[in-house]
Amino acid sequence: MHTICLMKFQRTERAGLTLGQLQESYLNQQGLKCQKRKDQHLAANAFSAEVEALRGWLDNYCVCPHSLQSSASYFEQQRQNKRMSMLPVLAQVTLLMLNRVGSSILFPLHGNVYPMGFYSVTLNIGQPSKPYFLDPDTGSDLTWLQCDAPCVQCTETPHPLYRPSKNLVPCKDPLCKSLHLHGHKCETPEQCEYEVQYADGGSSFGVLVKDAFSFNFINGEQLKPRLALGCGYDQSPGPFPHPFDGVLGLGKGKSSIVSQLSKQGLVQNVIGHCLSLQGGGYLFFGDDLYDSSRVLWTSMSRDPPEHYSPGFAELIFGGKTTGIKNLLTVFDSGSSYTYLNSPAYQALISLVKKELTGKPLREALDDKTLPLCWKGQRPFKSLQDVRKYFKPLALRFTNGGKGKSQFELPPEAYLIISRNGNVCLGILDGTEAGQDVNIIGDISMQDKVVIYNNEKQLIGWMPANCNRLPKSKTTSF
C-alpha cells in the first residue's frame with residue numbers, strides 16, 4: 001500500500017498534454033453546464049422567492065447535463081399538475097432538510113493484509129452510475145479516479161477508465177484552495193489542478209471535477225449528491241501497484257468525501273472501519289452504527305494536523321513498560337503493515353528475539369516475504385500455531401492528560417504466516433521506508449472497529465466481529 005499521503009504540493013509541469021488541450025477535451029459545446037440547467041428550472045417557477053431560498057440546497061443535487069429530473073423540475077411538474085401547492089412544496093423541502101443528518105452509509109470491504117496486501121471498497125459514481133474499486137485511505141484526503149481525459153499515463157484498472165463530467169471545479173472554489181499551499185495561483189481560473197504524492201513514490205496528477213455519487217443509507221434512503229473528486233490523467237504507480245480504479249480519500253481535510261457529505265448535511269463527519277483477520281470487513285460514514293459507550297476513546301492530536309493521530313505513545317511488551325516512549329503515531333488504513341521509527345523498531349526486535357530464545361523457532365533467512373521471518377520444525381498453517389511463542393504488545397497513549405488509552409496488539413495484530421509456512425513480523429522499520437512518524441497499519445487494526453470522529457475530535461476502537469455487517473447501534477459487534 002502507498003501509506004500516508006505527503007499532502008499539499010505546488011503544481012509541477014507534465015509533458016504530453018497541455019492545460020489547453022485538457023480544457024478543450026472537457027469544455028466542448030455539446031451539452032449544457034449544470035448552472036445553466038439549474039437556472040432554467042428555477043426561472044420556470046412562479047414562486048421564485050421561495051425557490052431562490054432552495055438554491056444552495058439544489059446545488060448539491062443538480063446532475064448535468066443529461067437524464068436529470070432535478071428537485072426544481074419535479075416541483076414545477078407537480079405544481080403544473082395541480083397536485084402540489086406552494087406551501088406543501090416548502091413543507092416537503094423543509095422536512096427533507098431537517099432530516100438530512102441522521103443516517104449512515106455502510107460499505108462492504110474486500111481484500112486482506114496477506115497475501116493480497118490491500119482492502120478495497122466499491123463506489124458507484126457518474127451519470128449513469130458505474131462501479132469503481134477504490135483504495136480506502138485514511139492517510140489522504142482527495143478521492144480520485146484514473147481518468148480518460150484523455151489519459152497520459154494510467155495503470156491497469158479493473159474497470160474502464162472514468163469518463164469525467166463537464167463540471168470542472170474552478171480555481172476559486174474552497175475545495176481547490178484546500179488542496180494547495182497558501183499563495184498557489186492557477187494558470188487556468190476555470191479549473192483546479194491537483195497533485196498528490198504518496199510516501200511509497202506513487203502519485204496522481206489531474207483536475208478536480210464534480211459528479212454524482214450513488215449512496216444507499218441504512219435508513220433506506222437513496223441519494224446521489226454531487227461531490228468533488230480528482231480526474232487523474234497522469235499516474236505514477238508505487239512499487240507494488242494494486243488493481244484499483246483510484247483512491248478513496250478519508251482524511252480530515254475539506255476535500256475528503258465524508259467532509260463534503262457532512263457539509264451537505266447528509267452524514268455526521270465520522271468514519272469507521274472494521275478489517276477482518278479472515279479477509280473482508282466493512283467501512284462506514286456517520287455515527288449510527290456503534291455504541292459510543294463501548295468504545296475506548298482518545299483525543300485526536302493536532303500534530304500532525306492533517307492526519308488521524310492520537311499523539312505520542314509508549315510501547316508495552318508483554319504487559320510491561322519498555323522505555324520506548326514518545327512515539328508520534330498515526331492511524332493509516334492505506335498502509336498494510338505497521339511501522340516504527342528505527343530506534344523503536346530495533347529495540348522491539350531485540351525484545352522479540354530475546355523472548356524467542358529457547359523456543360523451537362529459527363530465522364528463515366531465505367523467506368523474503370517480510371524483513372524478519374522465522375521457521376519452525378514444520379510449516380505453520382495458521383497464527384494459532386505460533387501465537388504462544390510471542391508476547392502481546394500495546395501502544396499506550398497519554399494524549400490530553402485525561403488518563404491513558406491503550407491500543408492492544410495481540411500476536412495476530414502484528415504477525416502473518418507466509419506462503420512458505422513461516423511466521424513473519426508485520427511491524428517494519430519506518431525510517432527505512434521514509435516515514436518520520438509511527439504508523440498503525442491494517443495488520444494492527446484487524447478485528448477492531450476503529451472510529452475517527454471528526455465532530456468531536458476523537459479516535460476510538462473496540463474489539464469486533466468484522467465478518468458480520470452491523471445494522472444499527474444495537475447490533476452486537
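Every letter in the sequence shown is one number past the one before it in full-length UniProt numbering, and letter 343, counting from 1, is 343. We put the beta carbon where it would ideally sit given N, CA and C, even for glycine. On a predicted model such as this, the values are computed, not experimentally measured, just so you know.
Strictly under 8 Å for the Cβ-Cβ distance: is Gly238 near chain C by that measure? The structure shown contains no chain C; it holds only a single protein chain.
Can the beta-carbon of Phe213 be found closer than 8 Å to that of Pro225? Position 213 of the sequence shown, counting from 1, holds the residue named residue 213. Position 225 of the sequence shown, counting from 1, holds the residue named residue 225. With respect to the 8 Å criterion, Phe213 and Pro225 are classified as neighbours on the basis of their beta carbons.
Check whether the stretch 130-137 and the stretch 182-195 are in contact - that is, three or more C-beta pairs closer than 8 Å. Fewer than three Cβ pairs drawn from the stretch 130-137 and the stretch 182-195 lie within less than 8 Å of each other, which leaves the two stretches out of contact.
With a CB to CB cut of under 6 Å and the five nearest residues on each side skipped, what residues in its chain are close to Gly117? Within the sequence shown, numbered from 1, the residue matching residue 117 stands at position 117. Counting only residues of its own chain and dropping the five nearest sequence neighbours on each side, Gly117 has a CB closer than 6 Å to the CB of Ser336.
Is the number of C-beta pairs between the stretch 364-381 and the stretch 276-290 that are closer than 8 Å three or more? The answer is no - the stretch 276-290 does not touch the stretch 364-381, with fewer than three Cβ pairs under 8 Å.
I need the straight-line Cα distance from Gly220 to Ser293, nearest angstrom please. Here the question's residue 220 lines up with position 220 in the sequence shown. Here the question's residue 293 lines up with position 293 in the sequence shown. In a straight line, the C-alpha of Gly220 is about 26 Å away from that of Ser293.
What's the C-alpha gap between Leu248 and Val121? Working through the sequence shown from its first residue, we reach residue 248 at position 248. Working through the sequence shown from its first residue, we reach residue 121 at position 121. So the two alpha carbons sit approximately 8 Å from each other.
Find out if the Cβ-Cβ distance for the pair Lys252, Asn454 is shorter than 8 Å. Taking the sequence shown and counting its residues from 1, the one referred to as residue 252 is at position 252. Taking the sequence shown and counting its residues from 1, the one referred to as residue 454 is at position 454. In terms of Cβ geometry, Lys252 and Asn454 form a close pair [threshold 8 Å].
Between which residues of its own chain and Ser418 is the CB-CB distance below 7 Å, once the five residues before and five after are set aside? What you label residue 418 is simply residue 418 of the sequence shown in a count that begins at 1. Same-chain partners within the cutoff: Asp367, Thr369, Cys373 and Cys424.
Span of the beta strand (DSSP E) holding Leu327? Within the sequence shown, the letter at position 327 stands for residue 327. First-last of the beta strand (DSSP E) with Leu327: Leu327 to Phe331.
Whose C-beta lies closer than 6 Å to the C-beta of Ile316 among residues of the same chain, with five residues either side of it excluded? Numbered from its first residue, the sequence shown carries residue 316 at position 316. Around Ile316: Ala394 and Arg396.
Spatial distance of Glu306 from Lys359 (CA atoms): One-based indexing of the sequence shown puts residue 306 at position 306. One-based indexing of the sequence shown puts residue 359 at position 359. Taking the straight line from one Cα to the other gives about 43 Å.
Does DSSP put Leu208 in a helix, a strand or coil? On the sequence shown, position 208 is the one that residue 208 refers to. Note: Leu208 maps to strand in three-state DSSP.
Could you give the residue range of the alpha helix (DSSP H) that holds Asp366? Taking the sequence shown and counting its residues from 1, one reaches residue 366 at position 366. Taken as a continuous stretch (DSSP letters only), Asp366 belongs to no alpha helix (DSSP H), as it is neither H nor E.
Kindly indicate which residue of Gly232, Leu327, Gly434 and Leu106 has the alpha-carbon position closest to the one of Ser301. Reading the sequence shown from its first residue, position 301 is the one you call residue 301. Cα-wise, what sits closest to Ser301 is Leu327.
Residue from Phe107, Ser104 and Gly111 whose Cα sits closest to the Cα of Ile443: As a working mapping, residue 443 is identified with position 443 in the sequence shown. Ranking the options by Cα distance to Ile443, first place goes to Gly111.
Do you know offhand how far Cys466's Cα is from Asp148's? Position 466 of the sequence shown, counted from the first residue, corresponds to residue 466. Position 148 of the sequence shown, counted from the first residue, corresponds to residue 148. The straight-line gap separating the alpha-carbon atoms of Cys466 and Asp148 is approximately 36 Å.
Look up Asn438 in the DSSP assignment and say whether it is helix, strand or coil. Indexing the sequence shown from 1 puts residue 438 at position 438. Reduced to three states, the DSSP call for Asn438 is strand.
Could you check whether the stretch 252-262 touches the stretch 177-185, counting it as contact only if at least three pairs of C-beta atoms, one from each stretch, sit closer than 8 Å? Taking one beta carbon from each stretch, the stretch 252-262 and the stretch 177-185 have 3 or more pairs nearer than 8 Å; the two touch.
How is the beta strand (DSSP E) around Cys231 delimited, first residue to last? One-based indexing of the sequence shown puts residue 231 at position 231. Per DSSP, Cys231 belongs to the beta strand (DSSP E) from Arg226 to Ser236.
Distance, Cα to Cα, Tyr339 vs Tyr198? Position 339 of the sequence shown, counted from the first residue, corresponds to residue 339. Position 198 of the sequence shown, counted from the first residue, corresponds to residue 198. Approximately 15 Å, taken between the alpha carbons.
Kindly indicate the opening and closing residues of the beta strand (DSSP E) around Ala394. Reading the sequence shown from its first residue, position 394 is the one you call residue 394. First-last of the beta strand (DSSP E) with Ala394: Leu393 to Phe397.
Whole angstroms are fine: how far does the CA of Ala347 sit from the CA of Leu229? What you label residue 229 is simply residue 229 of the sequence shown in a count that begins at 1. What you label residue 347 is simply residue 347 of the sequence shown in a count that begins at 1. If I take the Cα positions, the gap works out to 42 Å.
Using a Cβ-Cβ cutoff of less than 6 Å, which residues in the same chain neighbour Thr431 once the five nearest sequence positions on both sides are dropped? For this step, residue 431 is matched to residue 431 along the sequence shown. Once the five neighbours on either side are set aside, the close Cβ partners of Thr431 are Asn341 and Ser342.
Contacting residues, own chain, Cβ-Cβ under 7 Å from Leu351 (five flanking each side not counted): Residue 351 sits at position 351 when you count from the first residue of the sequence shown. Phe317 and Thr322, listed in sequence order.
State the beta-bridge partners of Leu415 as determined by DSSP. The residue you call residue 415 lines up with position 415 of the sequence shown. For Leu415, DSSP records a beta bridge to Leu425.
Between Leu409 and Val330, what straight-line distance do the alpha-carbon atoms span, to the nearest angstrom? Mapped onto the sequence shown, residue 409 falls at position 409. Mapped onto the sequence shown, residue 330 falls at position 330. Those two C-alpha atoms are separated by around 15 Å.
Give the straight-line distance between the Cα atoms of Arg468 and Gly281, rounded to the nearest whole angstrom. In the sequence shown, counting from the first residue as 1, residue 468 sits at position 468. In the sequence shown, counting from the first residue as 1, residue 281 sits at position 281. In a straight line, the C-alpha of Arg468 is about 8 Å away from that of Gly281.
Chain-order list of residues whose beta-carbon lies under 8 Å from that of Val295 (same chain, five-residue window excluded): Counting from 1 along the sequence shown, the entry for residue 295 is found at position 295. Excluding its 5 nearest sequence neighbours in each direction, Val295 has C-beta neighbours in its own chain below 8 Å: Val449, Ile451, Gly460, Trp461 and Met462, listed in chain order.
DSSP three-state label for Cys147, please. Stepping through the sequence shown from its first residue, residue 147 is reached at position 147. If DSSP states are grouped into helix, strand and coil, Cys147 belongs with the strands.
Could you give the first and the last residue of the continuous alpha helix (DSSP H) run that contains Gly345? Start at 1 with the first residue of the sequence shown, and residue 345 comes out as number 345. Reading off the sequence shown, one finds Tyr at residue 345, where the question assumed Gly. That run of the alpha helix (DSSP H) goes Ser342 to Glu355.
Residues bridged to Cys373 (per DSSP): Here residue 373 refers to the residue found at position 373 of the sequence shown. Beta-bridge pairing links Cys373 to Cys424.
C-alpha distance - Asp234 paired with Gly246, whole-angstrom precision: The sequence position of residue 234 within the sequence shown is 234, counting from 1. The sequence position of residue 246 within the sequence shown is 246, counting from 1. Each residue's Cα considered, the two are about 12 Å apart.
May I ask you to list the residues that DSSP assigns as paired with Gly249? Counted from its first residue, the sequence shown places residue 249 at position 249. The secondary-structure analysis by DSSP pairs Gly249 across a beta bridge with Asp137.
Please state the DSSP three-state secondary structure of Pro176. As a first step, residue 176 is located in the sequence shown; it is residue number 176 there, counting from the start. Reading off the sequence shown, one finds Cys at residue 176, where the question assumed Pro. In the structure shown, Cys176 sits in a helix (DSSP, three-state: H, G or I).
Quick one: using the 10 Å Cβ neighbour count with 16 as the cut-off for buried, is Leu27 buried or exposed? Counting from 1 along the sequence shown, the entry for residue 27 is found at position 27. At Leu27, the pLDDT of 40 sits below 50, so the modelled position is not reliable and the matter cannot be decided from this model.
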